[in-house]
Amino acid sequence: MTLLLVLLLAPLSLLTLCFAVELFTGLRALREPVHGPSSKDERAVSVVPAHNEEAILAERLSALREAAEGQARILVVADNCSDSTAEIARHIGVDVVERTNPELRGKGFALDFARRELERDPPDVVLIIDADCKTDRQSIALLVSTCATTGEPCQATNIQIPSASSSPAVKLSTFAFFVKNVIRQRALQRLAGRVHLLGTGIALPWTDFAAAQLATADIVEDLKLGQELAEAGRPPRFVERAMVWSNAETERNTLSQRRRWEGGFLRNAFSSGPAMLDRSMKRGEMRSMWAAVNIMIPPFALLLLIDFAGLALGTVTVLFGGGSWWPVALLATTVLLSGAGLIGAWAAGGYRFVSLGDLARAPLYLAWKLPVYLGFARHGAPKDWKRTDRSAV
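Quick note on numbering: the numbering used here labels position 185 of the sequence shown as 863, and the sequence is numbered without any gaps.
Have a look at this one:
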């Protein structure tokens, strides 16, 4: 019976321990090298994929134009739009291209269309900024200068900002976003020498953008692009002081977003993680091994739910079937370490997203997410891209 418990709980203990290690490793900000301004001869273009974004585009695009002035040209891709997205962008005074192909829907196809437009006169650096995101002049300057100076793909810090009226579930979700996109990105940079691309706040040298496999409807096209770049010896780097941010969505839209993002993440973890781990082990590359393990660690709400289920199953098994307690105790220890790491993450910046009182409601957050994971179990993870509803904006 003890052997059965080891087989069941040891993988969970390992993943949870790795999660805890990442939490503690990512508590301190990175010491980033300071890059001077890029040469005026180097040109940058900020690509903004936009699908029916008329509700928010005027405000976001006006702010982006001001932030990018003198640093980057803006190219909006009005992708399969049935509203006034293209007209709004033209009125603001940025470059616009329109793509209409209802059979090929998704951000990847919009980026591929932008690439074909830019091939006529390629820039040195391509920025990717989502239409619902905000940034500032310093962040654009940091991304462009770091990408141009190092010649490497770069990823900015990407966070979501809750409003004072956001529900505790939404605030906890933005805290989870902070853990994934800041704490664990720092850890991944330190432990694996690379980070994930997060869909927005990306800077790519033109050579990487030109060679990338962009034309896809995959929900996690950004995650896959980062993996492909790393496998090609072009690992993305974290430019932590560069920031992009967006407003937190409504509770319904937040849950819908998490369903898509986490579903795509899990699908990629199963399809890519084991193969990445096998390749890195054969090469004896410790950093690549950590990167492979990282993509197999479930989002922390799902990880903790599985851990609690494992603890319950292990306890029942020992009480009624015999066997040793040590596999259960080992898993419990890693869960406690992860809990301590999450408290550390809250103290290291997470308090800006969720109060300590709301953090104590984490069990309710897990219950809120449970239908999402039950849906994955019943119907599988979603495959196709779907735009976030803006009707409540």
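Ideal placement from N, C-alpha and C gives every residue a C-beta, glycine not left out.
Round the Cβ separation of residue i and residue j to the nearest angstrom and send it over; I've been treating them as touching at under 8 angstroms.
i, j, result
"Gly942", "Val898", "4 angstroms"
"Thr694", "Leu1009", "7 angstroms"
"Ala926", "Val848", "5 angstroms"
"Phe1095", "Leu944", "Since the first residue shown for the chain is 679 and the last is 1071, residue 1095 is missing from the structure and cannot be characterised."
"Pro654", "Cys811", "Limits of the chain in this structure are 679 at one end and 1071 at the other, which puts residue 654 out of reach."
"Ser760", "Leu742", "Not quite, the Cβ-Cβ distance comes to about 23 angstroms (not below 8 angstroms), so this is no contact."
Short of 6 angstroms in beta carbon distance, which residues of its chain neighbour residue i, apart from the five on each side in sequence? Order them along the chain.
i, result
"Ala908", "Arg872"
"Val1032", "Lys849, Leu850, Phe853"
"Ser845", "Glu929"
"Ser966", "Ser958"
"Thr813", "Ala745, Val922"
"Gly1001", "Met679, Thr680, Leu683"
"Glu830", "Arg915"
Identify whether residue i lies in helix, strand or coil by the three-state DSSP scheme.
i, result
"Gln749", "coil"
"Ala705", "Rather than Ala, the amino acid found at residue 705 in this sequence is Leu. Here Leu705 sits in coil by DSSP."
"Ser760", "coil"
"Ala722", "strand"
"Pro711", "coil"
"Leu805", "strand"
"Glu1073", "Because residue 1073 is not part of the residues shown, which for the chain are 679 to 1071, the question remains open."
"Asp956", "helix"
"Val822", "helix"
"Val699", "helix"
"Val774", "strand"
Looking only at its own chain, which residues have a Cβ that is under 8 angstroms from the Cβ of residue i, when we skip the five neighbours before and after it?
i, result
"Val860", "Gly704, Thr835, Ile837, Glu918, Gly1027"
"Val1006", "Leu683, Leu687, Leu989, Gly992, Thr993, Val996"
Can you list, in chain order, the residues of its chain with a C-beta nearer than 7 angstroms to that of residue i? Leave out the 5 residues immediately preceding and following it.
i, result
"Thr778", "Asn758"
"Glu732", "Asp761, Ser762, Thr763, Ile766"
"Ala750", "Ala722, Val723, Ser724, Leu805, Ile818, Val822"
"Phe697", "Ile975, Phe978, Leu981, Ser1016"
"Ala947", "Ile973, Met974"
"Leu692", "none"
task: Could you pull out every unbroken alpha helix (DSSP H) segment of at least 4 residues lying fully inside the segment 987–1070, listed in chain order?
output: 1004–1025, 1034–1037, 1040–1057
field: Sequence ranges, alpha helix (DSSP H) only - wholly within the segment 858–932, length at least 4
entry: Listed in chain order, they are 862–870, 884–889, 899–909.
Any beta strand (DSSP E) of 3 or more consecutive residues that is wholly inside the segment 825–862: 832–839
- prompt: If we count Cβ pairs, one from each stretch, closer than 8 angstroms, do we get three or more for the segment 864–880 versus the segment 968–985?
  reply: yes
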